[in-house]
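Visitor: Residue numbers (UniProt numbering): 1 to 142. Attaching a single structure in structure tokens format; questions to follow.
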């Protein structure tokens with residue numbers, strides 16, 4: 001088993017009202033966590049999420065939402081297949097700006113990707129933690 005650590009750092013919203021309230025949903029299989037809601041075109045969260053990973057099937061879905069009175073609006077989404085996430089240690093952790101897409105692609109009710117680029121960007125950091133200096137990915141079921 002490996003531990004996936006994911007940090008939602010900040011976003012850059014294009015063509016959005018400065019009073020917009022946004023949050024990010026981080027979804028892995030049946031588990032979902034949300035950041036706090038932040039106001040403005042450049043919200044900063046710097047919130048860390050940790051998941052235990054038993055296999056490399058599927059991926060991590062990030063959704064940027066604007067919070068509404070009755071419902072939330074999807075502003076952008078990012079799909080990260082688990083197989084493509086590098087195994088890094090904390091010393092080599094890197095931050096990456098990603099262009100979000102406007103739509104999530106589902107197959108049989110399960111997210112498998114995203115499409116149609118939006119103008120919004122999300123800064124994140126992600127890594128597989130390495131327990132006891134052993135490569136944990138070698139022990140995972142692909």
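Every residue, glycine too, gets a C-beta built ideally from N, C-alpha and C. These numbers come from a predicted model, not from an experiment.
Find out if the Cβ-Cβ distance for the pair residue 23, residue 36 is shorter than 8 angstroms.
Guide: yes
Visitor: Going by beta carbon distance, what residues of the same chain come within less than 8 angstroms of residue 115, once the five residues before and after it are set aside?
Guide: 101, 102, 103, 105
Visitor: My guess is that residue 26 and residue 6 are in contact by the Cβ rule of under 8 angstroms, so how many angstroms apart are they, rounded?
Guide: 6 angstroms
Visitor: Whose C-beta lies closer than 7 angstroms to the C-beta of residue 118 among residues of the same chain, with five residues either side of it excluded?
Guide: 75, 76, 100, 101, 102
Visitor: Going by beta-carbon coordinates alone, are residue 10 and residue 42 separated by less than 8 angstroms?
Guide: yes
Visitor: Let me check one thing: in DSSP terms, what residues is residue 77 bridge-paired to?
Guide: 63, 101
Visitor: Please return the same chain residues whose Cβ sits closer than 6 angstroms to the Cβ of residue 113, not counting the five positions on each side in sequence.
Guide: 79, 105
Visitor: Tell me, please, which residues DSSP counts as bridged to residue 129.
Guide: In the DSSP secondary-structure assignment, residue 129 is bridged to 3.
Visitor: Are the CB atoms of residue 98 and residue 122 nearer to each other than 8 angstroms?
Guide: yes
Visitor: Count the other C-beta atoms from every protein chain shown that fall within 10 angstroms of the C-beta of residue 57, then say buried if there are 16 or more, exposed otherwise.
Guide: By the 10 Å Cβ count, residue 57 comes out exposed.
Visitor: Mapping DSSP to helix, strand and coil, what is residue 36?
Guide: Coil at residue 36, not helix or strand.
Visitor: I need the straight-line Cα distance from residue 4 to residue 54, nearest angstrom please.
Guide: 10 angstroms
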